[in-house]
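Q: Here's a structure for you.
Number of protein chains: 2
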Amino acid sequence: MKNGKGTHIYMSIAEDIEQRIMNNVLRIGEKLPSVRTLSKMHNVSMSTSLQAYYLLEGKGLIEARPQSGYFVRFNPSRFPKKVEKSNPSLVAKPKSVEAIISEVYDDFAMKGMMRFSLSVPDPELLPLAKLNKAMVKALRELPAAGTSYESIQGNANLRREIAKTSIQWGGHLQPDDIITTAGCMNAIAYSLLAITKPGDTIAVESPVYFGMLRYAQSIGLKVLELPTDPDTGVDPDDLKKALDKYDIKACFFVTNFSNPLGYCMPDEQKEAMVKLLSRYGVPLIEDDLYGDVYFGKQRPRSCKSFDEEGNVLWCSSISKTLAPGFRVGWVAPGKYLEKVKRRKLYNSITTATATQAAIGNFLAEGGYERHMRKLRQTLHANSLQFTRAIGEYFPDNIKMSSPQGGFILWVEFDKKIDTYNVYREAAQHNISIAPGSMFTLQERYANCMRISYGMPWNDKVDGALKTLGGLIKGMM
Amino acid sequence: MKNGKGTHIYMSIAEDIEQRIMNNVLRIGEKLPSVRTLSKMHNVSMSTSLQAYYLLEGKGLIEARPQSGYFVRFNPSRFPKKVEKSNPSLVAKPKSVEAIISEVYDDFAMKGMMRFSLSVPDPELLPLAKLNKAMVKALRELPAAGTSYESIQGNANLRREIAKTSIQWGGHLQPDDIITTAGCMNAIAYSLLAITKPGDTIAVESPVYFGMLRYAQSIGLKVLELPTDPDTGVDPDDLKKALDKYDIKACFFVTNFSNPLGYCMPDEQKEAMVKLLSRYGVPLIEDDLYGDVYFGKQRPRSCKSFDEEGNVLWCSSISKTLAPGFRVGWVAPGKYLEKVKRRKLYNSITTATATQAAIGNFLAEGGYERHMRKLRQTLHANSLQFTRAIGEYFPDNIKMSSPQGGFILWVEFDKKIDTYNVYREAAQHNISIAPGSMFTLQERYANCMRISYGMPWNDKVDGALKTLGGLIKGMM
Chain A
0 MKNGKGTHIY MSIAEDIEQR IMNNVLRIGE KLPSVRTLSK MHNVSMSTSL
50 QAYYLLEGKG LIEARPQSGY FVRFNPSRFP KKVEKSNPSL VAKPKSVEAI
100 ISEVYDDFAM KGMMRFSLSV PDPELLPLAK LNKAMVKALR ELPAAGTSYE
150 SIQGNANLRR EIAKTSIQWG GHLQPDDIIT TAGCMNAIAY SLLAITKPGD
200 TIAVESPVYF GMLRYAQSIG LKVLELPTDP DTGVDPDDLK KALDKYDIKA
250 CFFVTNFSNP LGYCMPDEQK EAMVKLLSRY GVPLIEDDLY GDVYFGKQRP
300 RSCKSFDEEG NVLWCSSISK TLAPGFRVGW VAPGKYLEKV KRRKLYNSIT
350 TATATQAAIG NFLAEGGYER HMRKLRQTLH ANSLQFTRAI GEYFPDNIKM
400 SSPQGGFILW VEFDKKIDTY NVYREAAQHN ISIAPGSMFT LQERYANCMR
450 ISYGMPWNDK VDGALKTLGG LIKGMM
Chain B
0 MKNGKGTHIY MSIAEDIEQR IMNNVLRIGE KLPSVRTLSK MHNVSMSTSL
50 QAYYLLEGKG LIEARPQSGY FVRFNPSRFP KKVEKSNPSL VAKPKSVEAI
100 ISEVYDDFAM KGMMRFSLSV PDPELLPLAK LNKAMVKALR ELPAAGTSYE
150 SIQGNANLRR EIAKTSIQWG GHLQPDDIIT TAGCMNAIAY SLLAITKPGD
200 TIAVESPVYF GMLRYAQSIG LKVLELPTDP DTGVDPDDLK KALDKYDIKA
250 CFFVTNFSNP LGYCMPDEQK EAMVKLLSRY GVPLIEDDLY GDVYFGKQRP
300 RSCKSFDEEG NVLWCSSISK TLAPGFRVGW VAPGKYLEKV KRRKLYNSIT
350 TATATQAAIG NFLAEGGYER HMRKLRQTLH ANSLQFTRAI GEYFPDNIKM
400 SSPQGGFILW VEFDKKIDTY NVYREAAQHN ISIAPGSMFT LQERYANCMR
450 ISYGMPWNDK VDGALKTLGG LIKGMM
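First to last, the protein sequences are chains A and B.
Using numbering that gives the first Met the number 0, you'd call the opening residue of the first sequence number 0 and step up by one each time.
Using numbering that gives the first Met the number 0, you'd call the opening residue of the second sequence number 0 and step up by one each time.
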């Protein structure tokens with residue numbers, strides 16, 4: 000049953016209760032109306048009321064007590080303080096924490112590891128059967144069973160599907176505006192290679208995804224890390240100051256649910272950013288990898304949607320929503336299309352034929368939106384469960400991000416805590432986290448960590464967070 | 000029926016006749032012994048003799064005339080002159096022919112094109128059914144149907160199979176010595192990134208594979224092109240002179256059946272090369288992509304097999320033997336393993352899970368060697384058919400490589416011919432060739448072209464070569 004706006008009524012009821020819990024109108028431990036009372040209040044069936052409570056229970060906001068009814072479980076005052084705007088040094092300065100990164104990512108394939116370090120959805124949350132069907136179809140229909148080279152620009156069917164959905168973030172892409180790549184980082188790598196040369200300076204948010212930082216360093220770029228607000232990202236005024244002071248050749252921002260801060264840049268800020276960079280003639284590499292994983296009412300726009308001059312290289316992939324292991328991503332490079340295409344040709348000729356065709360098939364089938372609705376709901380619930388558990392188990396004086404989408408929490412500890420030590424200790428308990436020092440080229444964020452909540456919530460996860468909290472408390 | 004050395008007797012007989020044709024002992028138009036006579040001469044069955052003649056016929060060396068028997072068709076004096084040792088300018092100097100490259104490679108996906116430009120085996124020559132089976136098995140057996148990230152180093156089963164076969168080229172690799180990549184060019188790209196920094200000079204053979212050149216240029220390297228013999232490659236003495244004169248940070252050679260010259264570096268030269276580079280502390284990126292496609296008795300060794308210090312980064316793939324579209328390659332980077340692994344992580348995190356597992360399955364099944372025997376025979380026959388046809392249809396004064404393996408002929412024309420014009424003209428006839436200027440960063444080889452003979456030989460191919468020859472004659 001839906002209301003006038005197309006939302007299910009049980010969702011509206013749940014949202015109303017969620018609001019009141021968040022505003023501390025309904026307090027922890029407080030008894031909620033019985034299902035019968037709730038039904039009368041809203042003039043709905045008992046089963047609709049029950050659905051609302053199930054939804055809230057799934058998010059960890061309320062709990063059922065046998066023979067007693069539903070009670071508020073979540074307390075926003077236990078919610079850790081918000082992370083403050085970052086304040087990196089405005090001098091490009093490299094420092095190698097490559098060994099730490101290698102160590103953290105060497106455990107990819109280790110079995111039995113509680114992998115809070117990896118920003119991907121657990122396979123349990125993915126439509127495996129449908130993906131498999133899409134792959135088998137690809138193998139059957141492709142010429143030479145997918146053994147031949149794909150065109151350099153990439154699978155035409157996949158590009159058509161990406162163009163079709165671009166309307167959801169305010170875009171109006173054509174299939175020929177898009178180049179496919181082996182995942183989003185690969186799209187970023189080609190973009191950087193295409194628009195910079197060794198010795199150039201680029202400006203990025205801070206903290207920022209480590210792969211991008213290290214890649215930039217490996218091709219001889221200097222990286223300027225900008226102050227970044229955990230809710231809204233880089234302020235155009237801060238960027239303007241940097242543009243006036245430094246010879247910046249390109250910018251890189253993860254505009255929607257950034258990795259690792261989780262911010263979502265407001266629409267008007269995106270627009271201002273695009274206009275500013277246009278005026279300075281500086282291209283923007285926009286990483287919109289997490290854009291489809293929003294917890295709000297609709298998908299946020301992208302900077303690309305405000306780009307009239309082809310100055311934004313919009314990068315994304317299905318690694319966070321469908322199949323990390325397929326390595327399927329893409330870039331819409333605006334006026335840099337020819338240059339990016341050449342980088343792809345010289346780097347790996349083209350991308351794997353069958354995996355691209357399979358994702359094209361999957362998207363054409365039309366099940367993506369249904370899958371994403373479920374995934375978003377699960378991840379939103381997870382984010383609240385993780386927030387509650389961290390509030391409960393971690394030291395009192397931590398600060399934390401409050402993402403409105405994505406997979407990731409950013410936790411800041413007392414300066415005394417070195418999260419690389421936490422990483423080492425936690426590994427002994429088969430728990431993996433990502434130390435904060437990975438997310439900068441400066442000597443920063445050593446007291447921070449990134450935690451992914453991309454796995455199904457259960458007692459084991461809760462227990463691992465408890466163990467982690469205990470370890471950290473023991474180190475203080 | 001086999002002889003003592005494990006070779007089929009019909010093959011020995013055919014080889015004996017082939018030798019005499021090549022030495023002009025048996026001349027063009029000469030009648031060969033009847034099948035009956037041949038059988039008596041060698042004391043073999045009629046069907047064995049017939050097999051020998053079929054084999055020679057397949058190679059285009061002899062032809063059957065109805066009611067008359069077999070006649071010599073091939074004349075080594077019609078074989079064009081050999082290409083001479085290249086003599087590039089010993090100054091690193093960039094020149095953009097990127098537009099030409101883009102144009103040539105944009106026709107990847109065009110239907111009905113006779114693609115002499117592309118150095119890959121035609122799907123008809125590939126074991127498609129078995130590859131498909133290996134892929135379906137991979138999808139069934141992989142956790143989460145291949146949607147999860149592979150370990151950064153790559154599929155363990157595939158690395159085991161690569162290590163196992165390394166004995167064939169004199170290697171003794173362990174699975175952990177190997178990192179998988181998205182094809183061989185991708186392996187070269189990571190290797191270059193790992194061992195050089197912007198501004199460094201590297202030394203390469205000349206002409207040389209364009210992707211490698213352009214990639215090196217894009218990451219800010221200076222490229223020194225060395226004189227290269229079309230039979231044996233770069234002379235260690237020439238390299239020594241360059242090492243003494245320039246600050247060379249790395250070398251790149253395609254040691255076996257190079258692209259595009261087709262040379263195979265003799266074993267003793269490989270050994271000398273490795274020793275020389277060890278002494279100077281300069282790493283060698285060895286591209287052994289074509290090593291398995293030998294026409295002689297056994298697979299040539301690799302420089303890696305002489306490498307005692309871990310100074311050779313040995314790169315290869317299955318793109319020329321099994322499935323270009325799978326994008327499965329690898330590198331054994333010696334002592335640079337950690338560095339290369341990081342480049343892979345920062346560039347694209349990891350490679351596609353399912354395609355790697357499929358190739359691992361295929362190799363473990365054991366059909367690779369049988370497939371390769373057939374592929375080598377076909378390509379050897381093709382190389383002779385193409386050589387004959389080019390000798391017949393192209394202008395008299397051309398020079399040409401005589402590859403002992405691989406897919407590629409390098410043809411040199413009168414200085415008046417610009418092969419980019421040939422490319423444009425040929426494209427009108429749905430024929431694609433690779434202009435020579437692609438294979439250098441200098442203003443060279445504009446009168447050369449690369450022709451691939453990776454497709455099944457038939458009248459259509461013969462006709463296309465005739466058309467091509469006619470076009471070129473018309474331009475003189």
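Here a beta-carbon is modelled for each residue, glycine too, at the ideal position from N, C-alpha and C.
The model shown is predicted, which means the values in this text are computed figures rather than measured ones.
Taking the alpha-carbon of PRO197/A as reference, which of SER451/A, LYS129/A and LEU220/A has the nearest alpha-carbon?
A: The residue you call residue 197/A lines up with position 198 of the first sequence. Nearest C-alpha to PRO197/A: LEU220/A.
Q: Which whole-angstrom value is the C-beta distance of LYS319/B and PRO126/B, which I expect to be below 8 Å?
A: Reading the second sequence from its first residue, position 320 is the one you call residue 319/B. Reading the second sequence from its first residue, position 127 is the one you call residue 126/B. About 14 Å; that fails the 8 Å criterion.
Q: Using a Cβ-Cβ distance cut-off of 9 Å, determine whether VAL82/A contacts chain B.
A: Locating residue 82/A in the first sequence gives position 83, counting from the first residue. By this cut-off, VAL82/A is not an interface position.
Q: What is the DSSP secondary structure of SER316/B, reduced to helix, strand or coil?
A: Within the second sequence, the letter at position 317 stands for residue 316/B. SER316/B: strand per DSSP, three-state reduction.
Q: Using the Cα positions of LEU37/A and ARG375/A, report the straight-line distance between them to the nearest angstrom.
A: Counting from 1 along the first sequence, the entry for residue 37/A is found at position 38. Counting from 1 along the first sequence, the entry for residue 375/A is found at position 376. Whole-angstrom Cα-Cα distance: 26 Å.
Q: According to DSSP, is TYR53/B helix, strand or coil?
A: The count along the second sequence starts at 1 and reaches residue 53/B at position 54. Helix at TYR53/B.
Q: Since ASN185/A meets chain B, which of its residues come closer than 7 Å, beta carbon to beta carbon?
A: If you number the first sequence from 1, residue 185/A lands on position 186. Result: ASN346 and SER347.
Q: CA-CA distance, TYR279/A and ASP234/A?
A: Taking the first sequence and counting its residues from 1, one reaches residue 279/A at position 280. Taking the first sequence and counting its residues from 1, one reaches residue 234/A at position 235. Whole-angstrom Cα-Cα distance: 16 Å.
Q: From PRO226/B to PHE252/B, what distance separates their C-alpha atoms?
A: Numbered from 1 along the second sequence, position 227 holds the residue referred to as residue 226/B. Numbered from 1 along the second sequence, position 253 holds the residue referred to as residue 252/B. Near 12 Å, if we compare the C-alpha coordinates of PHE252/B and PRO226/B.
Q: Can you name the residues of chain A whose CB is closer than 7 Å to the CB of ARG326/B?
A: As a position in the second sequence, residue 326/B is number 327, starting the count at 1. The contacting residues are SER347, THR350 and ALA351.
Q: Is it buried or exposed, ILE166/A, if we count other Cβ atoms within 10 angstroms and call 16 or more buried?
A: Position 167 of the first sequence holds residue 166/A. So ILE166/A counts as exposed.
Q: Reducing DSSP to helix, strand and coil, say where MET454/B ends up.
A: Position 455 of the second sequence holds residue 454/B. Three-state DSSP puts MET454/B in coil, outside helix and strand.
Q: Assuming LEU25/B and VAL71/B are in contact, meaning their beta carbons sit under 8 Å apart, how far apart are those beta carbons, in whole angstroms?
A: Taking the first residue of the second sequence as 1, we reach residue 25/B at position 26. Taking the first residue of the second sequence as 1, we reach residue 71/B at position 72. Confirmed, Cβ separation roughly 5 Å.
Q: If we define contact as Cβ-Cβ less than 9 Å, is ILE8/A a contact residue for chain B?
A: Taking the first residue of the first sequence as 1, we reach residue 8/A at position 9. Not closer than 9 Å to any Cβ of chain B, the Cβ of ILE8/A fails to qualify, so no.
Q: Could you tell me which uninterrupted beta strand (DSSP E) segments, each at least 3 residues in length, are contained entirely in the stretch 361-417 of chain B, listed from first to last along the chain?
A: Listed in chain order, the complete beta strand (DSSP E) runs (minimum 3 residues) inside the stretch 361-417 of chain B are 407-411.
Q: Are any of the Cβ atoms in chain A nearer than 9 Å to that of MET478/B?
A: Chain B is shown from 0 up to 475; residue 478/B falls before or after that span and cannot be answered.
Q: Flag MET134/B as yes if its beta-carbon sits less than 9 Å from any beta-carbon of chain A, otherwise no.
A: By one-based count along the second sequence, residue 134/B stands at place 135. It does; some Cβ of chain A falls within 9 Å.
Q: Distance check for ALA137/B and ASN42/A, CA to CA, integer angstroms please.
A: In the first sequence, counting from the first residue as 1, residue 42/A sits at position 43. In the second sequence, counting from the first residue as 1, residue 137/B sits at position 138. About 53 Å.
Q: DSSP on THR466/B, reduced to helix/strand/coil?
A: By one-based count along the second sequence, residue 466/B stands at place 467. THR466/B: helix per DSSP, three-state reduction.
Q: According to the neighbour-count rule (16 or more other Cβ atoms, all chains shown, within 10 Å of its Cβ), is ASP306/A buried or exposed?
A: In the first sequence, counting from the first residue as 1, residue 306/A sits at position 307. Buried, by the Cβ-count rule.
Q: Would you call LYS459/A buried or exposed, if buried means 16 or more other Cβ atoms sit within 10 Å of its Cβ?
A: In the first sequence, counting from the first residue as 1, residue 459/A sits at position 460. Answer is exposed; the Cβ neighbour count stays below 16.
Q: Is there a Cβ from chain B that is less than 9 Å from the Cβ of THR146/A?
A: Position 147 of the first sequence, counted from the first residue, corresponds to residue 146/A. Interface residue, yes.
Q: Which chain B residues sit within Cβ distance under 9 Å of ALA322/A?
A: As a working mapping, residue 322/A is identified with position 323 in the first sequence. Result: ALA143, ALA144, GLY145, THR146, SER147 and THR352.
Q: With 9 Å as the threshold, decide whether the Cβ of LYS239/A is near any Cβ in chain B.
A: On the first sequence, position 240 is the one that residue 239/A refers to. No, because no Cβ of chain B sits closer than 9 Å to the Cβ of LYS239/A.
Q: Under 8 Å between beta-carbons, which chain B residues line up against LEU125/A? List them in chain order, please.
A: Counting from one through the first sequence, the residue named residue 125/A turns up at place 126. Neighbours of LEU125/A on chain B, chain order: ALA143 and THR146.
Q: Just to confirm the assignment: which complete alpha helix (DSSP H) runs, minimum length 4, are found wholly within the stretch 237-284 of chain B?
A: 266-279, all fully within the stretch 237-284 of chain B.
Q: ASN255/B and GLY309/B - do their beta-carbons sit closer together than 9 Å?
A: Position 310 of the second sequence holds residue 309/B. Position 256 of the second sequence holds residue 255/B. In this structure, ASN255/B does not lie closer than 9 Å to GLY309/B by Cβ.
Q: Grouping DSSP H, G and I as helix and E and B as strand, with all else coil, what is GLY232/B?
A: Position 233 of the second sequence holds residue 232/B. Note: GLY232/B maps to strand in three-state DSSP.
Q: Taking Cβ to Cβ, would you say ARG449/A is nearer than 9 Å to ALA433/A?
A: Within the first sequence, residue 449/A is the residue found at index 450, counting from 1. Within the first sequence, residue 433/A is the residue found at index 434, counting from 1. Yes, the pair counts as a contact, with Cβ atoms nearer than the cut-off.
Q: Please identify the residue among SER277/B, ASP246/B, SER67/B and ILE12/B whose C-alpha is closest to the C-alpha of SER44/B.
A: In the second sequence, the residue the question calls residue 44/B occupies position 45. Of the listed residues, the one whose Cα sits closest to SER44/B is ILE12/B.
Q: For the stretch 426-439 of chain A, which residues have a beta carbon sitting closer than 9 Å to at least one beta carbon of chain B?
A: Within the stretch 426-439 of chain A, no residue qualifies.
Q: Is DSSP giving LEU220/A helix, strand or coil here?
A: The residue given as residue 220/A occupies position 221 in the first sequence. If DSSP states are grouped into helix, strand and coil, LEU220/A belongs with coil.
Q: In terms of alpha-carbon separation, which member of VAL311/B, VAL222/B, ASN131/B and THR466/B lies closest to ASN281/B?
A: Looking up residue 281/B in the second sequence gives position 282. The question names Asn, but residue 281/B is Val in the sequence shown. Answer by Cα proximity: VAL311/B.
Q: Which residues bound the beta strand (DSSP E) around VAL330/B?
A: Taking the second sequence and counting its residues from 1, the one referred to as residue 330/B is at position 331. Counting along the chain, the beta strand (DSSP E) containing VAL330/B begins and ends at 328-331.
Q: At 8 Å on the CB atoms, spell out the chain A contacts of TYR367/B, in chain order.
A: In the second sequence, residue 367/B corresponds to position 368, counting from 1. Within 8 Å Cβ-Cβ: nothing; TYR367/B doesn't reach chain A, min ~14 Å.
Q: Roughly how many angstroms lie between the CA atoms of THR179/A and TYR189/A, to the nearest whole one?
A: Your numbering for residue 179/A matches position 180 in the first sequence. Your numbering for residue 189/A matches position 190 in the first sequence. Each residue's Cα considered, the two are about 11 Å apart.
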